[in-house]
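**Student:** When the letters of the sequence shown are read in order and numbered with our numbering, they come out as residues 19 to 239.
Structure incoming, see below.
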Amino acid sequence: KRQPLGPGLHYRIPWPVDAVRRVDTERVRRIVVGSEIAQDSKVLLWTNIHYVHEFNVLSGENIFVDAGMVLNYRITDLYRFIYGSKDPESILRELSYSVLLRAMAHRTFFDVVTSYRDELESTILEQVAGELQRMDLGLELISVNLRDLHPPTDVAADFEEVVSATVDFNTYVNEAHGYYNDLIPRTRGKAEVMEQEAQAKKTMIKLRGKGESERFLKVWE
Numbered sequence: 019k020r021q022p023l024g025p026g027l028h029y030r031i032p033w034p035v036d037a038v039r040r041v042d043t044e045r046v047r048r049i050v051v052g053s054e055i056a057q058d059s060k061v062l063l064w065t066n067i068h069y070v071h072e073f074n075v076l077s078g079e080n081i082f083v084d085a086g087m088v089l090n091y092r093i094t095d096l097y098r099f100i101y102g103s104k105d106p107e108s109i110l111r112e113l114s115y116s117v118l119l120r121a122m123a124h125r126t127f128f129d130v131v132t133s134y135r136d137e138l139e140s141t142i143l144e145q146v147a148g149e150l151q152r153m154d155l156g157l158e159l160i161s162v163n164l165r166d167l168h169p170p171t172d173v174a175a176d177f178e179e180v181v182s183a184t185v186d187f188n189t190y191v192n193e194a195h196g197y198y199n200d201l202i203p204r205t206r207g208k209a210e211v212m213e214q215e216a217q218a219k220k221t222m223i224k225l226r227g228k229g230e231s232e233r234f235l236k237v238w239e
């Protein structure tokens with residue numbers, strides 16, 4: 019194993035004695051994990067087969083999800099990248115998929131495709147970056163982009179109906195809460211007004227009765 023050459027003038031004996039391997043360490047590289055997009059795919063819909071192949075990931079409620087993500091990385095140590103392992107990019111791909119499997123296993127499908135998506139990307143980035151540093155592969159992970167998360171296409175239509183029903187359910191619940199939040203304060207206000215009116219009427223009747231009794235006593239005297 020030889021150390022990579024630094025700046026300056028260097029000589030080498032022609033092949034097959036010596037060989038030069040040139041690697042661009044400044045370029046940001048890209049790996050697609052979990053999917054290979056089809057050439058004739060134009061619109062990414064759940065019900066359309068838009069990938070040649072996709073990984074199946076099991077979510078927390080035992081629902082299969084097809085997942086595809088893009089990793090952006092660069093080489094930080096050329097020596098470790100070339101001589102540290104046989105295929106560091108394949109290790110990065112398998113490592114990212116393993117982290118994705120573990121992260122998805124603790125979340126529901128609807129969380130993953132909605133509110134948890136950004137957090138999932140951050141989780142994968144943090145864990146994979148830590149593993150790359152520990153394994154010393156000479157790579158640095160820059161970003162993770164979950165390009166697509168959806169149910170398998172043969173059951174996607176049923177999932178769309180479930181999503182639609184879930185949206186309707188949440189809409190009805192929100193409307194009910196809105197009606198509750200409007201009705202209860204209004205009813206309490208009416209009850210307060212009625213109570214104050216009753217107290218006023220009570221006070222008025224007591225005062226009127228007292229006045230009439232005093233007038234009666236004066237007349238009697």
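Glycine included, each C-beta is placed from N, C-alpha and C at the ideal position.
1) From what residue to what residue does the beta strand (DSSP E) around Ile-81 run?
2) Just to confirm, are Ile-16 and Arg-111 a CB contact at a threshold of 8 Å?
3) Alpha carbons only, please: which of Pro-203, Ser-116, His-168 is nearest the one belonging to Val-51?
4) Between Val-41 and Ile-109, which are expected to be in contact by the criterion C-beta below 8 Å, what is the C-beta distance as a whole number of angstroms?
5) Expressed to the nearest angstrom, what Euclidean distance is found between the alpha-carbon atoms of Glu-193 and Met-212?
6) State the DSSP-derived secondary structure class of Glu-44, mapped to helix, strand or coil.
7) Counting only runs of 3+ residues fully inside the region 148 to 200, write out the beta strand (DSSP E) ranges in chain order.
8) Do Thr-126 and Glu-79 have their C-beta atoms within less than 8 Å of each other?
9) Quick one: what's got a C-beta closer than 7 Å to Ala-121's C-beta in the same chain, skipping five residues either side?
10) In terms of residues, what are the limits of the alpha helix (DSSP H) holding Val-117?
11) If we ignore side chains and look at the alpha-carbon of each, how far apart do Ala-123 and Glu-144 end up?
12) Using three-state DSSP, classify Val-51 as helix, strand or coil.
13) Which of the three DSSP states, helix, strand or coil, is assigned to Ser-59?
14) Can you tell which of Thr-43, Glu-239, Ala-85 has the C-alpha that lies nearest to the C-alpha of Asn-163?
15) For Ser-103, which residues from the same chain have a beta carbon less than 7 Å from its beta carbon, with the 5 sequence-adjacent residues on both sides left out?
16) Is Val-191 buried or exposed, if buried means 16 or more other CB atoms sit within 10 Å of its CB?
17) With distances taken from CA atoms, which of Asp-200, Phe-128, Glu-215 is nearest Val-185?
**Tutor:** The answer reads as follows:
1) To locate residue 81, count along the sequence shown from 1; it is residue 63. Segment: none, Ile-81 is in no beta strand (DSSP E) and carries neither H nor E.
2) Outside the shown range of the chain (19 to 239) lies residue 16, about which nothing can therefore be said.
3) What you label residue 51 is simply residue 33 of the sequence shown in a count that begins at 1. Among Pro-203, Ser-116, His-168, the Cα nearest to that of Val-51 is on Ser-116.
4) Translated into the one-based positions of the sequence shown, residue 41 becomes position 23. Translated into the one-based positions of the sequence shown, residue 109 becomes position 91. Contact doesn't hold; Cβ gap of about 17 Å is too wide.
5) For the purposes of this step, residue 193 is taken as the residue at position 175 of the sequence shown. For the purposes of this step, residue 212 is taken as the residue at position 194 of the sequence shown. Glu-193 and Met-212: Cα-Cα distance of roughly 28 Å.
6) Residue mapping note: residue 44 aligns to position 26 of the sequence shown, counting from 1. Correct three-state label for Glu-44: coil.
7) 157 to 168
8) What you label residue 126 is simply residue 108 of the sequence shown in a count that begins at 1. What you label residue 79 is simply residue 61 of the sequence shown in a count that begins at 1. Taking 8 Å as the Cβ cut-off, Thr-126 and Glu-79 qualify as a contacting pair.
9) Indexing the sequence shown from 1 puts residue 121 at position 103. Leu-138, Thr-141, Ile-142.
10) Here residue 117 is taken as the residue at index 99 of the sequence shown, counted from 1. First-last of the alpha helix (DSSP H) with Val-117: 106 to 122.
11) As a first step, residue 123 must be located in the sequence shown, where it is residue number 105. As a first step, residue 144 must be located in the sequence shown, where it is residue number 126. The straight-line gap from Cα to Cα measures roughly 17 Å.
12) In the sequence shown, counting from the first residue as 1, residue 51 sits at position 33. Correct three-state label for Val-51: strand.
13) Taking the sequence shown and counting its residues from 1, one reaches residue 59 at position 41. Confidence at Ser-59 is low in this model, with a pLDDT of 48, below 50, so its placement is unreliable and no value can be given for it.
14) For the purposes of this step, residue 163 is taken as the residue at position 145 of the sequence shown. Taking only the C-alpha atoms, the option nearest Asn-163 is Ala-85.
15) Mapped onto the sequence shown, residue 103 falls at position 85. The residues are Ile-109, Leu-155.
16) As a working note, residue 191 is residue 173 in the sequence shown. By the neighbour-count rule (16 or more Cβ atoms within 10 Å), Val-191 is not buried but exposed.
17) For the purposes of this step, residue 185 is identified with residue 167 of the sequence shown, where counting begins at 1. Closest by alpha carbon: Phe-128.
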